[in-house]
Amino acid sequence: MTTEAKPRALNRLQSMYALRAEVDKMYEGGVEASEEGRPVAWVMLEGWSNAILNAMGVNTVFPENYSSLCAAQGVATPFLERSEAEGYPTHLCGYARTCVGYSSRMVELDGKIPPEAPAGGMPKPILLVASGEVCDARFKWFQSLGRFFDAPVWTIESPYPGLRERLTEGAHERNVNFLINELKAFVAFLEKLLGKKMDWDALEHTGGGTNEINRWRWEINELRKARPGPMNTRDFWSAVTAALFRGAANPDVITKGFERMYDEVKERVNNGIAGINRPEKYRLSFEGLPPWHSLGFLEQLAERGWNFVIESAYRPPRPITIDLSKYSDPMERYVRRRYRRLEDSLEEDYGPEEAGLIIDEILCDGVSRRMGLRHIRDYQVDGVVLHVLLTCRSTSAGLNLLQHRLLDVLKVPSLVIEGDIIDVSAFNPAEALRNAETFEETMDHYRKVRKELGMPW
Amino acid sequence: MAYFLGIDIGSATSKGIITEDGSTVSRHLLPSGVNYRLAAQEMVEGLLAKSGVAQEDIACTVATGQGSANVEIADQEVADIRCCARGIFSIFPSVRTVIDVQGQSTQVLRLNGEGQVANFVVSEKCASGSGRFLDIIANVLQIKLEDIGPLSLESKNPVTFTTGCAVFGESEAVSRVSEGVAREDIIAGVHQALAEKISSLVGKVGLEERCAITGGGGLNTGLIKWIERKLGIELLVPPEPQLVTALGAAIMAEEACK
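These protein sequences, in sequence, are chains A and B. Heads up: the first sequence is residues 152 to 608, going by this note's numbering. Heads up: the second sequence is residues 93 to 350, going by this note's numbering.
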C-alpha cells in the first residue's frame, strides 16, 4: 500500500523563485565584472548610491545581504569565528561580523574569493560605499573593511530625522537640498576615481525603477489582507531582497517579477488559497528581521496552522504620484522622485482626517501609535512574533514598548523569540516551539477578549 | 478504573504524578541526571511501584518539561507552561499570576479566570535568572541547597552583586569569600539579585493578585521572602511546588480522555 506524502506546510509562491534567482544573478554579475576588469563596489543598502554607481558602469554587491545569504546557506559561522579572531566582539552586528570574517579570509587568499563562498562570492571591491542610515554599524563596519582592502571608503550621509523633526517648517526642503549636495559630491568623487563623467541619462533609467517596483510590492501587500492570507512571510523574505538589493539588474526585469507575483497572489485570493497548506488557525505578524539561518522554522510554525500574513520590516509605502515636470536638474529629479514629504505620504495613505490625528500624535509624542499599530489592525492579526536580536539594537530597542502597546490598545499578544539574524548559536528552536504552543492559548484568550470588547476580529 | 499519568522531565529534577478522578494516587521525584530517557523510565517504574497501578490501567499519559520527548509511553507532549497553569489553577483557583522558578529558567504566567495562559514571559538565556544561579553559589559556599534560603534571611548586610551574570557572579562570590564576607550576606545578595530579576519579569506581564510561586524555587523560604519584599505582596505557596507542573500534565491527560 502506498501512502500519499503530506504536502509541505508552507505553500510557496512560484513567482518568488524567479525573483530570488535575480539576487543570485546579481552576485554572478559582480564576479563576471571583476573577471572582465570592470569596477565592482561593495555597497551598504540599495539606498541612494546604487543607481548612481550603476549609471557610471560600476557593478554593485551588498555585504549586508551577502551575510544573510551566508547564514541561510549555513556557512556564516566560520566567518563569524574569523571576525572574533580579528578582535571584533560577538555582540556586534552579525552582518558586519560575517563580512569582516569574509574580508579577512579574502586577504588571506591574496584577494581571491574564498572557495567556500556561496553564490559565487563577492569579488574584491575597488570602492566601499557606506551609509549613515538606521545604525552606526552601517558606516563603522565599512570603515573597518577599509583595513582589509586597498579601496577608498565613502559614506553617503542621508537625512534620517525623527518624525517630529520631519514636520518642522522647511525641514523637507532642507533635507532635499542636503541630499542633492551629498550625492553631487559623491558623483564628483566617482568621476575622479573612475576617470569618466557621470551619465545623467543613464541615471534616469537606473534610478527610475524603484517606485514602480514598490508600487507592485504595495499592491501585493494589500492583497495579503485577505482571509486566508495568500502569502506567507517566508515568500516575502525570499523575494524582498530582489527589490532591496537589485544591484545592476534591469529595473524592468525586477518590476516584471513583482507584477507576476501580484498576479499569482491575486489568483490565490480569488480562489481562497492560503500561503500555508494547513487550515489558517492563527494570523500573525513577524516584527523585526528574520533568523536567516533558520527560516525553516517558519515551516514548523505553519505546520501548527500559523500563517504570518504580514511583517514589520521593509513594507513599501503607498505609491504616490510625484510631479517632476518643474525640475530639470537630473540629481534633483532623482532625489525628489523618492524622498517624500511626510505630510503628503500620510494624507495619501490615511486620508486627510486620520493623517491630521497622526500628525497631532507625532507633534505631541514624537511617534504615532496609529502608524505603528496599523498593520496589526489592518491585517487582523491574532498574535505577533517579536524577534529580539541580541546584536541589533536598531530593530530590537522598541520591541518591548510595541509589545505593551499591542496589548493595551489592540488586545493582541506577542511572543518574544530571542535570536540573531546570523548567529545560529543565539537561537533555540526547541524552546521557541515550546513557547509557541503556549502562545496559542494566549492568542485564544485574547480572541475572546477582543470579541467581548466588540473589536472587528 | 482509569488512571492518568503526568510526567515532567525537568533539567534538574523529574517529577511524576498518577491521578484517579482528579485525586493524586502517587507522586515521585528523582534527579534527571544526564540521560532523560533513563530518568523517564525510572519515573514510570517508580510511580507504578508506589501506587500499585498496572501500566495497562493508565488511560492517558502527558509528558512535559525539557526532556518530554524521552517519555516513550507518552500519548501527548504539552508545553510545561500550560501544564503549570493547569496544575496551580486546580490548587488555587484564585491565582492570576504564577512565578515558576525552575532549574534552567524562570517563567512568569498570567492566568485568566479559566486557568488558561493569558500571557507569559520566560527569563532570557542566562543562568542568573534561574534556580541554577543559587545552585552555583551554594556550591561555592559549600552550603546544602536546602539551607541557603533560611541562611539568607539571617543576613544583616546583603552583598550587592555587580554583575547580572551567573558565571561572573560565581567568581564575585569567590572574591567576597576571600575578603571574609559572611556567607549569609553573600547568599542573601544572590537571593536579592534573583528576586530583582524575577520582579522585572513580573513587571513585563503585569502583576495581578493572587500570585503563587511554583517549581523548585517554591521550596526556598528565603527566595520567597525576598520576592515578597521586592513585590510587596504575599505569595501563595502550594504544598508541593515542584510537582505542580506534573499535576497539570496529569490533569491534561484526564482532559484528553474526556
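Note that the Cβ used here is the ideal one computed from N, Cα and C, for glycine as well.
{"Query": "Every unbroken beta strand (DSSP E) within the segment 502-549 of chain A, with a cutoff of 3 residues, ordered by chain", "Result": "534-540"}
{"Query": "Where the beta strand (DSSP E) containing VAL182 of chain A begins and where it ends", "Result": "No beta strand (DSSP E) contains VAL182 of chain A, which is instead part of the alpha helix (DSSP H) from 165-186."}
{"Query": "Closest Cα partner of ALA577 of chain A within the set A:MET482, A:THR241 and A:ILE424", "Result": "A:THR241"}
{"Query": "Nonlocal neighbours in the same chain, by C-beta distance under 7 angstroms from LEU327 of chain B, ignoring five residues either side", "Result": "CYS303, ALA304, ILE305, ILE316, ILE319 and GLU320"}
{"Query": "Bridge-paired residues (DSSP) for PHE337 of chain A", "Result": "Beta-bridge pairing links PHE337 of chain A to no other residue."}
{"Query": "Chain-ordered neighbours of PRO564 of chain A on chain B, where CB pairs are closer than 7 angstroms", "Result": "ASN211"}
{"Query": "DSSP three-state assignment for LEU243 of chain A, whether helix, strand or coil", "Result": "coil"}
{"Query": "Strand pairing of LEU328 of chain B, partner residues [DSSP]", "Result": "B:ALA304"}
{"Query": "Integer-rounded CB distance, given that CYS250 of chain A should sit under 8 angstroms from SER218 of chain A", "Result": "6 angstroms"}
{"Query": "Beta-carbon proximity check, ASN210 of chain A vs GLY398 of chain A, cutoff 9 angstroms", "Result": "yes"}
{"Query": "Cutoff 9 angstroms: VAL567 of chain A Cβ touching any chain B Cβ", "Result": "yes"}
{"Query": "Alpha carbon of SER255 of chain A to alpha carbon of ILE405 of chain A, nearest angstrom", "Result": "33 angstroms"}
{"Query": "Contacts around GLU118 of chain A, its chain only, beta-carbon distance under 6 angstroms, and the 5 residues preceding and following it disregarded", "Result": "As displayed, chain A neither begins before 152 nor continues past 608, which places residue 118 of chain A out of reach and without an answer."}
{"Query": "Where TYR95 of chain B falls: helix, strand or coil (DSSP)", "Result": "strand"}
{"Query": "Closer than 9 angstroms to chain A by CB, ILE173 of chain B", "Result": "yes"}
{"Query": "Residue burial classification, HIS444 of chain A (beta-carbon count within 10 angstroms, cutoff 16)", "Result": "buried"}
{"Query": "Cβ-Cβ separation, GLU462 of chain A to PHE387 of chain A (assumed contact under 8 angstroms), whole Å", "Result": "6 angstroms"}
{"Query": "Environment of SER267 of chain B [buried if 16+ CB atoms lie within 10 Å]", "Result": "exposed"}
{"Query": "Burial state of ALA141 of chain B, where buried means 16 or more other Cβ atoms lie within 10 Å", "Result": "exposed"}
{"Query": "Neighbour-count burial assignment, ILE165 of chain B, 16 or more Cβ in a 10 Å radius", "Result": "exposed"}
{"Query": "Where GLY272 of chain B sits in the DSSP three-state scheme", "Result": "coil"}
{"Query": "Cβ shell of GLU276 of chain B (< 6 angstroms), same chain only, five flanking positions each side left out", "Result": "LEU243, GLU246 and SER247"}
{"Query": "Residues that PHE139 of chain A bridges to, as DSSP identifies them", "Result": "Limits of chain A in this structure are 152 at one end and 608 at the other, which puts residue 139 of chain A out of reach."}
{"Query": "Any chain A beta carbon closer than 9 angstroms to VAL214 of chain B", "Result": "yes"}
{"Query": "Beta carbon of ALA79 of chain B nearer than 9 angstroms to that of THR589 of chain A", "Result": "Chain B is shown from 93 up to 350; residue 79 of chain B falls before or after that span and cannot be answered."}
{"Query": "Within-9 angstroms CB hit, LEU558 of chain A to chain B", "Result": "yes"}
{"Query": "Residues of the segment 149-169 of chain B whose Cβ lies closer than 8 angstroms to any Cβ of chain A, in chain order", "Result": "none"}
{"Query": "Nearest candidate by alpha-carbon position, reference GLY102 of chain B, set B:ILE278, B:GLU238 and B:SER197", "Result": "B:SER197"}
{"Query": "Residue environment, THR384 of chain A, which counts as buried when at least 16 other CB atoms sit within 10 Å", "Result": "buried"}
{"Query": "Outcome for LYS285 of chain A when other beta-carbon atoms lying within 10 angstroms are tallied against a minimum of 16", "Result": "With the sequence shown as reference, residue 285 of chain A is identified as Val, and Lys is not the correct amino acid for it. Exposed, because fewer than 16 other Cβ atoms sit within 10 Å of the Cβ of VAL285 of chain A."}
{"Query": "Contact list for ASN204 of chain B against chain A, beta-carbon separation under 7 angstroms", "Result": "HIS596"}
{"Query": "Among B:HIS283, B:ILE240, B:ILE229 and B:ILE290, the one whose alpha carbon lies nearest that of PHE260 of chain B", "Result": "B:ILE229"}
{"Query": "Sufficient close CB pairs (3 or more, under 8 angstroms) joining the segment 181-197 of chain A to the segment 528-537 of chain A", "Result": "no"}
{"Query": "Proximal chain B residues relative to THR211 of chain A, where beta-carbon distance stays under 9 angstroms", "Result": "Those within 9 angstroms of THR211 of chain A in chain B number zero; the least Cβ separation is about 37 angstroms."}
{"Query": "CA nearest to the CA of ALA206 of chain A, picked from A:VAL532, A:PRO503, A:TYR485 and A:ILE509", "Result": "A:TYR485"}
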